[in-house]
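Read through the structure below, which is laid out as structure tokens, and then see the notes.
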Amino acid sequence: MTKKILVIEDEDQVLENILELLEAEGWNPIGAENGSIGIDLAKANKPDLILCDVMMPGCDGYGVLSKLRQDSALAGIPFIFLTAKAAKTDFRQGMELGADDYLTKPFTRSELLGAIATRLKKREVVQESYSSELKQAKQQLNYWMHHDSLTGLPNRLSLREKFKQIKPTDSKDKKTIAILCLGLDRFDQINDSLGHGFSDLLLKGVAERIAACVGNNDTVIRFNADRFIIILDDIEHKKDAIEVCEKLVNSFVQTFTLKNQEIFITASIGVAIYPRDGSNIDQLLDRANKAMFQSKQQGGNQYQFYSAVLSIGSLDRVALQTSLHYALERQELQVYYQPKVNLTTGQIMGAEALLRWYHPERGIISPGRFIPIAEETGLIIPIGEWVLQTACQQLKQLHNIGFYSLQIAVNISARQFTQVDFRQKLVKILNTTNLHPQFLELELTESMLVQNTEVAIRRLNALKALGLTIAIDDFGTGYSSLSYLQQFPFDILKIDQCFIRNISENSHNAAITKAIIEMAKKMELKIIAEGVETKEELEFVCQNQCDMMQGYIFSQPLSAKEFKELLISGKSLMMLRSLKNQESKVKSQN
Numbered sequence: 001m002t003k004k005i006l007v008i009e010d011e012d013q014v015l016e017n018i019l020e021l022l023e024a025e026g027w028n029p030i031g032a033e034n035g036s037i038g039i040d041l042a043k044a045n046k047p048d049l050i051l052c053d054v055m056m057p058g059c060d061g062y063g064v065l066s067k068l069r070q071d072s073a074l075a076g077i078p079f080i081f082l083t084a085k086a087a088k089t090d091f092r093q094g095m096e097l098g099a100d101d102y103l104t105k106p107f108t109r110s111e112l113l114g115a116i117a118t119r120l121k122k123r124e125v126v127q128e129s130y131s132s133e134l135k136q137a138k139q140q141l142n143y144w145m146h147h148d149s150l151t152g153l154p155n156r157l158s159l160r161e162k163f164k165q166i167k168p169t170d171s172k173d174k175k176t177i178a179i180l181c182l183g184l185d186r187f188d189q190i191n192d193s194l195g196h197g198f199s200d201l202l203l204k205g206v207a208e209r210i211a212a213c214v215g216n217n218d219t220v221i222r223f224n225a226d227r228f229i230i231i232l233d234d235i236e237h238k239k240d241a242i243e244v245c246e247k248l249v250n251s252f253v254q255t256f257t258l259k260n261q262e263i264f265i266t267a268s269i270g271v272a273i274y275p276r277d278g279s280n281i282d283q284l285l286d287r288a289n290k291a292m293f294q295s296k297q298q299g300g301n302q303y304q305f306y307s308a309v310l311s312i313g314s315l316d317r318v319a320l321q322t323s324l325h326y327a328l329e330r331q332e333l334q335v336y337y338q339p340k341v342n343l344t345t346g347q348i349m350g351a352e353a354l355l356r357w358y359h360p361e362r363g364i365i366s367p368g369r370f371i372p373i374a375e376e377t378g379l380i381i382p383i384g385e386w387v388l389q390t391a392c393q394q395l396k397q398l399h400n401i402g403f404y405s406l407q408i409a410v411n412i413s414a415r416q417f418t419q420v421d422f423r424q425k426l427v428k429i430l431n432t433t434n435l436h437p438q439f440l441e442l443e444l445t446e447s448m449l450v451q452n453t454e455v456a457i458r459r460l461n462a463l464k465a466l467g468l469t470i471a472i473d474d475f476g477t478g479y480s481s482l483s484y485l486q487q488f489p490f491d492i493l494k495i496d497q498c499f500i501r502n503i504s505e506n507s508h509n510a511a512i513t514k515a516i517i518e519m520a521k522k523m524e525l526k527i528i529a530e531g532v533e534t535k536e537e538l539e540f541v542c543q544n545q546c547d548m549m550q551g552y553i554f555s556q557p558l559s560a561k562e563f564k565e566l567l568i569s570g571k572s573l574m575m576l577r578s579l580k581n582q583e584s585k586v587k588s589q590n
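Note that full-length UniProt numbering numbers the sequence shown so that position 481 is 481, with each residue one more than the last.
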């Protein structure tokens, strides 16, 4: 590709001569007759090198260089001064501002071309080195994100990819695959009584035993804290899966010896068979999970194959579903707000809207229990619209009392996002609440977008065209990766709290988080750290230049009334950090 060279020179004849020379040498020269125009052309064209006169009316060469070095997108461009001033003090001034070279007028053709060639070659070497380092960092990050740091096993991010590799592409292929979901019985009790150190050692031992029970072509994945997924590739008969299940259950008969202490634990296993129990990994995981819970309910230390009976669910779930139908009209749902704080200024910039259900008989019902039911039944659509309407309306009320710049973030479900008329509904809500789109942020998860990338990108672009902000939520916990991230028009990346929690003690998570932050910065995304609860976690996200945070260290989710009172109180992160430091000093003195 032809190199672009920007020449900033106020003497017309000199400018014309240099431009002609550069063009004759096969470069693409761009001319600017003063410093201000030169700065604008540099921003518009991103040249490969800049030649600039020092003495110019208005903005001189030093002013041009100073402006460019303050712009991260332009700061690395080689910059050569052209000057009639030969004093050492002039050279020193330019070098301190970041000039790469000086040519003293009058200069020869060979001097000019030699200086340009040297600087372009150096830039090329630096860029090649940077590209190589970036590629290596991406590969390393990709490995870290797809493997569990404790056991070394592939993690849940690898699951979808692995299943895609082994799933038949030809419908005539009669290949059978078994998905085993293995959950440890009483793991929470062991964790609570013996601590995380013992639990980690136990999980390593469990991973080794599971791996010893399966074949070379099978895959063992650590899915979450106490759950493992085993993929048995191309089994001939159901009895093949039974043999593995019996091996696994029997392997737990022997105790685990950890730090001279014997630990006994059992496992419950659920099995789903492809294609009988599902055609995709989500269905198979869901059904293997249901079968695993059935094993636990029957006392654990056994295995169960999925059957349609398990999918009916318990009476409690049916009752909950019925209650949810009436929750909206009975005004049992409320929107709570967790503040988002700017880590530079310490000020509250906005909040994330979170749904709460206050059942008249059951009390507070966790979103983890009712959101999946709402998704399955389609109730998530009217509930989601109500949350959007309520959040926009309450934000507008805060604007009206003087908090003009606050932004609200609302989580959007997969079913909402795939609605044909979702954009129209959103526009209607913004119009009825009289809220400008720039104050609304939509949060979407990775798994919502990877099913049909092209359609997702079109929908996101249509939403972005309204003027609102798009955030990717829980990044790193789903099935996607940074390569997917680059395709979508996101503005914000939210780092999930599972990476932030105890980050000062977890070097693996710290390395992943730093790499995610670095990549996001290069993509010019704003970064929000979720779940910041301790002083150490706060220091980490500050030191690594996250833009914002939310978490219990500053505030738990608040009702609309409580959030308004918090804003009026003027509470800031700087005040909180000062208070924490004072507390630390008092403790150290005592």
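Think of the CB as a built atom: it goes at the ideal place given N, C-alpha and C, for glycine as much as any other residue. Every value quoted in this text rests on a predicted model; they were computed, and no experiment measured them.
If you follow the alpha helix (DSSP H) that residue i is in, where does it begin and where does it stop?
i      : result
Asp90  : 88-97
Val387 : 380-400
Asn45  : 35-45
Ala529 : Note, Ala529: premise wrong, no alpha helix (DSSP H); beta strand (DSSP E) at 526-529.
Leu113 : 109-145
Leu174 : Per the sequence shown, residue 174 should be read as Lys rather than Leu. It is not in any alpha helix (DSSP H) - Lys174 carries neither H nor E in the DSSP assignment.
When burial is assigned at 16 or more other CB atoms within 10 Å of the CB, is residue i buried or exposed?
i      : result
Tyr404 : exposed
Asp12  : exposed
Ser480 : Bear in mind that a pLDDT of 47 at Ser480, under 50, signals an unreliable position, so the model cannot answer this.
Pro489 : exposed
Cys498 : exposed
Lys428 : exposed
Pro557 : buried
Arg330 : exposed
Thr390 : buried
Tyr62  : buried
Pro57  : exposed
Gly215 : exposed
Gln416 : buried
Ile568 : exposed
Gly38  : buried
Gly152 : exposed
Thr513 : buried
Shortest alpha-carbon distance to residue i belongs to which of the options?
i           : options                        : result
Ile472      : Ala529, Ile503, Ser504         : Ala529
Thr377      : Val410, Leu333, Leu324, Glu361 : Leu324
residue 599 : Leu65, Ile242, Gly195          : As shown, the chain starts at 1 and ends at 590. That puts residue 599 outside it, with no answer to give.
Glu536      : Asn502, Glu565, Met519         : Asn502
Ile527      : Ile263, Ile470, Glu161, Pro78  : Ile470
Ser171      : Val532, Pro275, Gly531         : Pro275
Gln321      : Pro372, Asp233, Cys59          : Pro372
Arg222      : Asn250, Gly183, Arg458, Val253 : Gly183
Ile179      : Pro168, Tyr306, Gly197, Val249 : Tyr306
Asn544      : Arg459, Asn155, Ile500, Leu150 : Ile500
Leu103      : Thr83, Arg109, Asp90, Ala117   : Thr83
Phe422      : Leu285, Arg362, Leu388         : Leu388
I need the straight-line Cα distance from residue i to residue j, nearest angstrom please.
i           : j      : result
His436      : Asn342 : 21 angstroms
Gly346      : Gln407 : 15 angstroms
Glu96       : Gly76  : 15 angstroms
Asp101      : Ser131 : 25 angstroms
Ser314      : Gly270 : For Ser314, the predicted structure reports a pLDDT of 48, less than 50, and the residue's modelled location is therefore unreliable. The matter cannot be settled from this model.
Val420      : Met448 : 15 angstroms
Tyr552      : Ile495 : 15 angstroms
Ile492      : Asn461 : 15 angstroms
Glu238      : Asp218 : The residue you asked about is not Glu; residue 238 is Lys in the sequence shown. So the alpha carbons of these two residues sit roughly 15 angstroms apart.
residue 673 : Leu68  : The structure shown has nothing for residue 673, since the chain only spans 1 to 590.
Met549      : Lys340 : 6 angstroms
Ile8        : Met523 : 30 angstroms
Glu441      : Leu157 : 26 angstroms
Asn400      : Thr432 : 15 angstroms
Gly98       : Ala212 : 60 angstroms
Lys138      : Ile457 : 23 angstroms
Gly114      : Ala42  : 22 angstroms
Which one or two residues does DSSP pair with residue i in a beta bridge?
i      : result
Trp357 : Leu333, Ile365
Pro57  : Per DSSP, none; premise fails for Pro57.
Ala471 : Glu443, Ile492
Ser268 : Gly183
Phe256 : Ile263
Ile221 : Ile229
Pro339 : Ala351
Ile273 : Ala178
If you follow the beta strand (DSSP E) that residue i is in, where does it begin and where does it stop?
i      : result
Leu157 : Per DSSP, Leu157 belongs to no beta strand (DSSP E); it is in the alpha helix (DSSP H), 156-166.
Lys105 : Per DSSP, Lys105 belongs to no beta strand (DSSP E) and is neither H nor E.
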